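**Q** Reminder that position 270 of the sequence shown reads as 269 in numbering that gives the first Met the number 0, one-by-one numbering, no gaps.
By construction, the Cβ of each residue, glycine as well, lies at the ideal position given by its N, Cα and C atoms.
The structure presented is a predicted model; accordingly, all values stated were derived computationally and were not measured.
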Amino acid sequence: MSMSPATVIARDLIRCPSVTPNEGGALSALETLLKDAGFRVDRVVFKDDDTPDVENLFASVGSGAPHFVFAGHTDVVPAGSEADWTHGPFEGEVDSGVLYGRGAVDMKGGIASFAAAALEFVDQNGTDFGGTISFLITGDEEGPAINGTVKLLEWAKKQGHRFDACIVGEPTNPDALGDAIKVGRRGSLSGIVTVTGVQGHAAYPHLADNPIPGLTMLMAALNGLKMDEGNERFQPSNLEIVTVDVGNTAFNVIPARAEFRFNIRYNDVWTLDSLKAKILETLETVNLGSLKMNIEFKRDASESFLTKDETLIEVLSKAVSEETGRTPELSTGGGTSDARFIKNYCPVVEFGLVGQTMHKVDECVAVEDLDRLAAIYHRFLVSYFSK
């Protein structure tokens, strides 16, 4: 049975075991495909302390403005026990019109659909179509996100690239292709709160200073914090305590320290600085007596953002509507993505496949959705470069 270009590309990428941070052959497969179509391709490796080296890919065709960039990642999360999969996670098998494998929707399928669309566009219009199309592909999105998109964007800027618009091909649709375009994201802030006391014998509490009661009061203060009501652009901010750790397995020992970790997903009511100040202010209202408190905000924090580029949103919305018959919701829900880095370089939105099976056993995508997504991306390119 013959397969469509998008399905063939997705299958070939899935067959590359590119679990973060391993390249697994996925970038090489993409490089060969794009070079054969006339793209200029660079493979760039970034390094940093205490993190694995990561391979990335930047490819472009055409010249001048407007410069549109498609962003994504070929790295995938681990498959878990392969015995639990109906079809092998790295076999890329098609069964009854469905392509199975790790990365099928998150997000090798999205990359495959855009690659198929871009190759068709270049085949129809040549490389002198009045602008530039680029691929910005990382191998570090599912990992620390240190040696990937952030550094690849900096590298591209130093090479003289200036982007006018970007689509990130993450699986944005909750139920059906065409449901939603992500036009923004809430920010994310994580922290660790540690309370230090004095270790001692549980039978002699007057000789110790138990940090756990103090820790529970701090957790209660943050858990009771009313952050905001949300607004017409974003849902309310939320703070979640995600783990508590004392590290004490003995029943007769009062521990010396205890900690909890939290994550906040916040809207544009807050800035990163104002949110940090509010957290500190809330914690400092708690009377800990002689206990000592320390808070560490993690460095991977991100700001909220909202894209207002009418051309980008209008052209993509029209392409989605024409291909699916749906009017996509302009959404800011969900978690974070590499769009949080790209927003500093150009207007960015996210649109990809249906995300119901991402990170699950038997991750899969309907072949029909791959082809329809490729058609949406192709419609977008035709309209965008005719503006």
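Assuming contact is defined by CB atoms lying nearer than 8 Å, are A117 and I136 in contact in what I supplied?
**A** The residue given as residue 117 occupies position 118 in the sequence shown. The residue given as residue 136 occupies position 137 in the sequence shown. No, the Cβ-Cβ distance between A117 and I136 is not below 8 Å.
**Q** Rounded to whole angstroms, what's the CA-CA distance from T85 to S3? Just pull it up for me.
**A** Stepping through the sequence shown from its first residue, residue 85 is reached at position 86. Stepping through the sequence shown from its first residue, residue 3 is reached at position 4. Rounded to the nearest angstrom, the gap between the Cα atoms of T85 and S3 is 23 Å.
**Q** Using 8 Å as the threshold, is the stretch 50-59 in touch with the stretch 143-158, meaning 3 or more CB pairs across them?
**A** yes
**Q** Using 8 Å as the threshold, is the C-beta distance between L152 and C363 below it?
**A** Locating residue 152 in the sequence shown gives position 153, where the first residue counts as 1. Locating residue 363 in the sequence shown gives position 364, where the first residue counts as 1. Not a contact, by the Cβ cut-off of 8 Å.
**Q** Answer yes or no: do S17 and T73 have a C-beta to C-beta separation smaller than 8 Å?
**A** For the purposes of this step, residue 17 is identified with residue 18 of the sequence shown, where counting begins at 1. For the purposes of this step, residue 73 is identified with residue 74 of the sequence shown, where counting begins at 1. In contact: S17 and T73 (Cβ atoms closer than 8 Å).
**Q** Using the DSSP secondary-structure output, state which residues sit across from T131 in a beta bridge.
**A** Translated into positions along the sequence shown, residue 131 becomes position 132. DSSP, once it has assigned bridges, lists G61, H66 as partnering T131.
**Q** Sorry if obvious, but does the Cβ on D361 come closer than 7 Å to a heavy atom of the ligand NAP?
**A** You won't find the ligand NAP in this model; it holds no ligand whatsoever.
**Q** Tell me which residue opens and which closes the alpha helix (DSSP H) that G108 is part of.
**A** What you label residue 108 is simply residue 109 of the sequence shown in a count that begins at 1. Run containing G108: 107-124, per the alpha helix (DSSP H) assignment.
**Q** Below 8 Å between beta carbons: does that hold for V194 and L279?
**A** For the purposes of this step, residue 194 is taken as residue 195 along the sequence shown, with counting starting at 1. For the purposes of this step, residue 279 is taken as residue 280 along the sequence shown, with counting starting at 1. Using a Cβ distance threshold of 8 Å, V194 and L279 do not count as a contacting pair.
**Q** Which first and last residues belong to the alpha helix (DSSP H) in which L217 is found?
**A** One-based indexing of the sequence shown puts residue 217 at position 218. Note, L217: alpha helix (DSSP H), 210-222.
**Q** So which of R185, L176, E295 has the shortest CA-CA distance to A318?
**A** Looking up residue 318 in the sequence shown gives position 319. Answer by Cα proximity: L176.
**Q** Taking the beta carbon of K342 as the centre, do at least 16 other beta carbons fall within 10 Å, making it buried, or is it exposed?
**A** Position 343 of the sequence shown, counted from the start, is the residue given in the question as residue 342. That one is buried.
**Q** Can you check the stretch 271-304 for any alpha helix (DSSP H) of at least 4 residues that lies completely inside it and give the ranges in chain order?
**A** Fully enclosed alpha helix (DSSP H) runs of no fewer than 4 residues occupy 271-283 of the stretch 271-304, in order along the chain.
**Q** Taking the alpha carbon of N286 as the reference point, which residue from V44, R256, A219, A300 has its own alpha carbon closest?
**A** Here residue 286 corresponds to residue number 287 of the sequence shown, with the count starting at 1. Nearest in C-alpha terms to N286, of all of V44, R256, A219, A300, is A219.
**Q** Taking just the CA atoms, how far does A164 sit from Y344?
**A** As a position in the sequence shown, residue 344 is number 345, starting the count at 1. As a position in the sequence shown, residue 164 is number 165, starting the count at 1. Cα-Cα distance, rounded: 9 Å.
**Q** State yes or no: is the C-beta of R39 within less than 8 Å of the C-beta of S59?
**A** Position 40 of the sequence shown, counted from the start, is the residue given in the question as residue 39. Position 60 of the sequence shown, counted from the start, is the residue given in the question as residue 59. The answer is yes: Cβ separation under 8 Å.
**Q** Helix, strand or coil: which one does DSSP assign to E313?
**A** The residue labelled residue 313 in the question sits at position 314 within the sequence shown. The DSSP-derived three-state label of E313 is helix.
**Q** State the CB to CB distance for the pair V241 and N262, rounded to an integer number of angstroms; the pair is presumed to be in contact (CB under 8 Å).
**A** The sequence position of residue 241 within the sequence shown is 242, counting from 1. The sequence position of residue 262 within the sequence shown is 263, counting from 1. Their Cβ separation, rounded to whole angstroms, is 6 Å, which keeps V241 and N262 in contact under 8 Å.
**Q** How long is the line joining the alpha carbons of E30 and V44, rounded to whole angstroms?
**A** The sequence position of residue 30 within the sequence shown is 31, counting from 1. The sequence position of residue 44 within the sequence shown is 45, counting from 1. Their backbone Cα atoms lie some 14 Å apart in a straight line.
**Q** From M106 to P327, what distance separates their C-alpha atoms?
**A** Start at 1 with the first residue of the sequence shown, and residue 106 comes out as number 107. Start at 1 with the first residue of the sequence shown, and residue 327 comes out as number 328. Looking at the two C-alpha atoms, the distance is approximately 20 Å.
**Q** Comparing C-alpha positions only, which one of Y203, R42, E322 sits nearest to W154?
**A** As a working note, residue 154 is residue 155 in the sequence shown. Comparing Cα-Cα distances from W154 to each of Y203, R42, E322, the minimum goes to R42.
**Q** Going along the chain, which residues of its own chain have a beta-carbon closer than 6 Å to the beta-carbon of A114, five neighbours each way excluded?
**A** For the purposes of this step, residue 114 is identified with residue 115 of the sequence shown, where counting begins at 1. Answer for A114: I8, listed in chain order.
**Q** Does the stretch 290-308 come within contact of the stretch 179-186, defined as at least 3 CB pairs closer than 8 Å?
**A** yes
**Q** For G332, which residues in the same chain have their Cβ closer than 7 Å to its Cβ, ignoring the five residues on either side in sequence?
**A** Taking the first residue of the sequence shown as 1, we reach residue 332 at position 333. Correct list, in chain order: Q234.
**Q** As a quick exercise: from N124, A5, L369, pick the residue whose alpha carbon is nearest that of G354.
**A** Position 355 of the sequence shown, counting from 1, holds the residue named residue 354. When the alpha-carbon of G354 is set against those of N124, A5, L369, the nearest one is in L369.
**Q** Please report how far the alpha carbon of G138 lies from the alpha carbon of G71, in whole angstroms.
**A** Within the sequence shown, residue 138 is the residue found at index 139, counting from 1. Within the sequence shown, residue 71 is the residue found at index 72, counting from 1. So the alpha carbons of these two residues sit roughly 9 Å apart.
**Q** Per DSSP, which residues does F250 bridge with? Please list them.
**A** Taking the sequence shown and counting its residues from 1, the one referred to as residue 250 is at position 251. For F250, which the question treats as bridged, DSSP gives no partner whatsoever.
**Q** Taking DSSP as the reference, what is the three-state secondary structure of D47?
**A** Here residue 47 refers to the residue found at position 48 of the sequence shown. The answer is strand: DSSP assigns D47 an E or B state.
**Q** Near K273, what residues of its chain come up, given a Cβ to Cβ distance below 7 Å and the 5 sequence neighbours on each side ignored?
**A** On the sequence shown, residue 273 is found 274 positions in, with the first residue counted as 1. Checking the displayed sequence, the identity of residue 273 turns out to be Ser instead of Lys. Excluding sequence neighbours, S273 sits near nothing in its chain.
**Q** Would you call A5 buried or exposed, if buried means 16 or more other Cβ atoms sit within 10 Å of its Cβ?
**A** Your numbering for residue 5 matches position 6 in the sequence shown. Buried.
**Q** What first and last residue would you give for the beta strand (DSSP E) that runs through A164?
**A** Within the sequence shown, the letter at position 165 stands for residue 164. Note, A164: beta strand (DSSP E), 164-167.
**Q** What span of residues does the alpha helix (DSSP H) with L176 cover, start to end?
**A** Counted from its first residue, the sequence shown places residue 176 at position 177. Careful: L176 lies outside any alpha helix (DSSP H) and carries neither H nor E.
**Q** Counting along the chain, where does the alpha helix (DSSP H) carrying L369 start and finish?
**A** The residue labelled residue 369 in the question sits at position 370 within the sequence shown. From DSSP, the alpha helix (DSSP H) with L369 extends over 366-383.
**Q** Alpha helix (DSSP H) containing E410: first to last residue?
**A** The structure shown does not extend to residue 410, since the chain is modelled only from 0 to 386, so the question has no answer here.
**Q** From which residue to which residue does the beta strand (DSSP E) around V149 run?
**A** Walking along the sequence shown from the start, residue 149 turns up at place 150. Where V149 is concerned, there is no enclosing beta strand (DSSP E), although the alpha helix (DSSP H) it sits in stretches over 148-157.
**Q** For a quick check, are the C-beta atoms of A207 and N251 less than 8 Å apart?
**A** Indexing the sequence shown from 1 puts residue 207 at position 208. Indexing the sequence shown from 1 puts residue 251 at position 252. No, they are not a contact pair.
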